[in-house]
Every structure is written in structure tokens, then in C-alpha cells.
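Residue numbers (mature numbering (1 follows the signal peptide of the UniProt record, and there is no 0)): 1 to 299.
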Ligand code: XIL
């Protein structure tokens, strides 16, 4: 293939990008989006603060705009994210206990129902584990509602959108030797053994000098896949965009049958949440970088 999406599709995979609704009016942006990618993830528009800014008042305009742009062009959509400690609206930040648990489950149900049939995979729960060597859950208002909040969210999402793939998504879970990776692995193994409806694990893969790519990434992907879940590279960006590291990530995904695809977290460096790291495949002018050529060659 001559584009990322078409080449990935030839291998039964997708190649996606995060998309911001307010950039869909930028023709330089949409030209690259429509040419290169066959999957999109709304960068912020499906998060809790965007979709339920006031409790019980749901707001889907910006997310619907992205879903419509994508689906009308044959691109699939990853939903991101139904339950997360971050980017909560003020009303949720100040909640706790059973009221918060109920509000979280209602949020999952309402949003998954609104997008039912339009989203191929949901990041049901995002970033629920702590960094460092503890292997513990991250402390948050959601975690304090009880350790079963994650499985409760998955069961609610499954009831609302039974055909979507339901994913757990996190960062710094790419290095197989790290405690956080092992902790997520143990949770997924437990969920599979008890019939909690989990279908996939997303590896954000924000690589930088502090959290570098490690060649055991392929072992991580294949080990999770062996538990009976799909795996996806969900938010890839790499500080400095070294071509060889981008190539390695794509090769690692392709080496694992259950790795469905790769999503980069933005199109041009200037679109990145870490723009100063110039971590993406296109420069600020929309030109292909060396990393683009390496990825295309690897696909
Ligand atoms: C980031 C967005 O890119 C920014 O625009 C926003 O200000 C903060 O969130 N992990 C995730 C993503 O799961 O939702 C985050 O996206 C990046 C880290």
C-alpha cells in the first residue's frame, strides 16, 4: 500500500490517529487524516468532562462530529474513555462512595448506549494502576468506591454495547518487567478466569527519555494476547520520532496475531499534546518525516 491505513489493512490491521474535532475545519489536517488513516480516536471529545459536563446532561456534539467524519469515510472509531480518574467534570470530582459508583455506572451506560454500534472498541477504563514498583491500583475517587469498580464498569459497558470490544487502556505497561505491567496482566488474567467481559488491552505507548521503548514490548503484547484478549497500540508517540523505534513498535504489533492495529496520538507534531518533543509522523507543515517512511516500510 501507499498509505498507512491501506498498508495496515492489507495485513488485517488498522492504522489510526487521535483526532480533535476543532481541527476538522483545517484542510491541511483533514487531507492527511483522510489520506493516511483508517481508524480514529477522539482525543478529548468522548471523555467524561466532554460528554457529561453537568450531571445527567449529556453532550455529544463534538464526538458525534468526529464519529460522522470517520464513519462516512470508512474509518473505524475507538471510543476513549468511559471511566477515568482524570478529565472528570467538577461535579464528579467532588463525588465519592456509592453516589459516585452509581454516577460512574450511569455515565458508562449512557455514553456506550449513545454510540452503540458506531465504536468498534471502547477504552472502558483508563489508567487505573499506579506507577512505580507497588503494582497497586492508582488512588482515585473511583478506586475508593471499591476495588470492583473496574469490573463493574466493564459489565455496564457490555450490557449497553454488547458488540463493541471492551478494552483496558494504560501507559507504562509496555515494559514486561515492570510491576505495573505485571499488575495489569494479573487483573486481565483474573477477569478472564471469572468471566468479566474484557476483550482487549490498549497500550498507550507514549515513549520518551523517561519511559523509553524496550525491546521486550513484543513479549508484553504476546503475553497479554495469550490470555485471550486482543491487544492494540492506542496512543503512540515517541520523543524525537526516531525512525528505528517507530519501525520496531510496528514490527512488534505485526508479530502478534492478536495485535489489531496501531494508533498514533495526533497527526502533525504541532497537533501533539507533547509538541515540543516532535514525537509524530508528520512535521508542522504536514510533510512526512523519516519515521513515516519507516512505518510504511514496516507495514
Ligand atoms: C491528552 C490529550 O492529548 C490532551 O489534549 C489533553 O489535554 C489531555 O489528555 N493518556 C490518555 C489520553 O489516555 O487521553 C491523554 O490525552 C494522553 C495520556
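Think of the CB as a built atom: it goes at the ideal place given N, C-alpha and C, for glycine as much as any other residue.
Just confirm the distance between the C-beta atoms of residue 272 and residue 284, as a whole number of angstroms; I'd bet it's less than 8 angstroms.
Actually they are not in contact, since the Cβ atoms of residue 272 and residue 284 sit about 10 angstroms apart, beyond 8 angstroms.
Inter-stretch contact at 8 angstroms, needing at least 3 Cβ pairs: the region 243 to 258 / the region 219 to 226:
yes
Measuring from the CB of residue 266, is there a heavy atom of ligand 1 at a distance below 8 angstroms?
Yes, since a heavy atom of ligand 1 falls inside the 8 angstroms radius drawn around the Cβ of residue 266.
Spatially closest choice to residue 155 from 192, 119 and 136, by CA coordinates
When each option's Cα is compared against that of residue 155, the closest is 192.
Specify, as a first and last residue, the run of the beta strand (DSSP E) that residue 233 falls within.
Segment 230 to 238, the beta strand (DSSP E) holding residue 233.
So does the region 145 to 165 actually touch the region 104 to 117, counting three or more Cβ pairs closer than 8 angstroms?
yes
Residue 121 and residue 166: beta carbons closer than 9 angstroms?
yes
Closer than 8 angstroms: residue 269 CB and nearest ligand 1 heavy atom:
no
Does DSSP put residue 84 in a helix, in a strand, or in coil?
strand
Mapping the DSSP letters down to three states, classify residue 283 as helix, strand or coil.
coil
Please report the residue range of the alpha helix (DSSP H) in which residue 158 lies.
149 to 160
Sub-9 angstroms separation of residue 202 and residue 231 beta-carbons:
yes
Does residue 276 come within less than 9 angstroms of chain C when only Cβ atoms are used?
Within the model displayed, chain C is absent; a lone protein chain is all it includes.
Residues with C-beta closer than 7 angstroms to any heavy atom of ligand 1, in chain order:
Residues close to ligand 1 by the beta carbon criterion (under 7 angstroms to any non-hydrogen atom) are, from first to last along the chain, 18, 43, 44, 47, 80, 81, 87, 126, 127, 169, 171, 204, 206, 235, 265 and 273.
Compute the Euclidean distance between the alpha carbons of residue 168 and residue 237, then round it to the nearest angstrom.
19 angstroms
Between the CA atoms of residue 57 and residue 233 - distance to the nearest angstrom:
32 angstroms
What distance in whole Å lies between the Cβ atoms of residue 138 and residue 127, which are believed to be in contact at a cut-off of 8 angstroms?
7 angstroms
Do you know offhand how far residue 4's Cα is from residue 11's?
Answer to the nearest angstrom: the Cα atoms are 11 angstroms apart.
Since residue 239 contacts residue 214 with CB under 8 angstroms, what's their CB separation in whole angstroms?
Incorrect: roughly 14 angstroms between the Cβ atoms, too far for contact.
Residues near residue 279 in its chain [Cβ-Cβ closer than 6 angstroms; skip 5 each side]:
237, 238, 239, 241 and 272
What is the C-beta distance between residue 264 and residue 281, in whole angstroms, given that I count them as a contact (C-beta under 8 angstroms)?
Their Cβ separation, rounded to whole angstroms, is 6 angstroms, which keeps residue 264 and residue 281 in contact under 8 angstroms.
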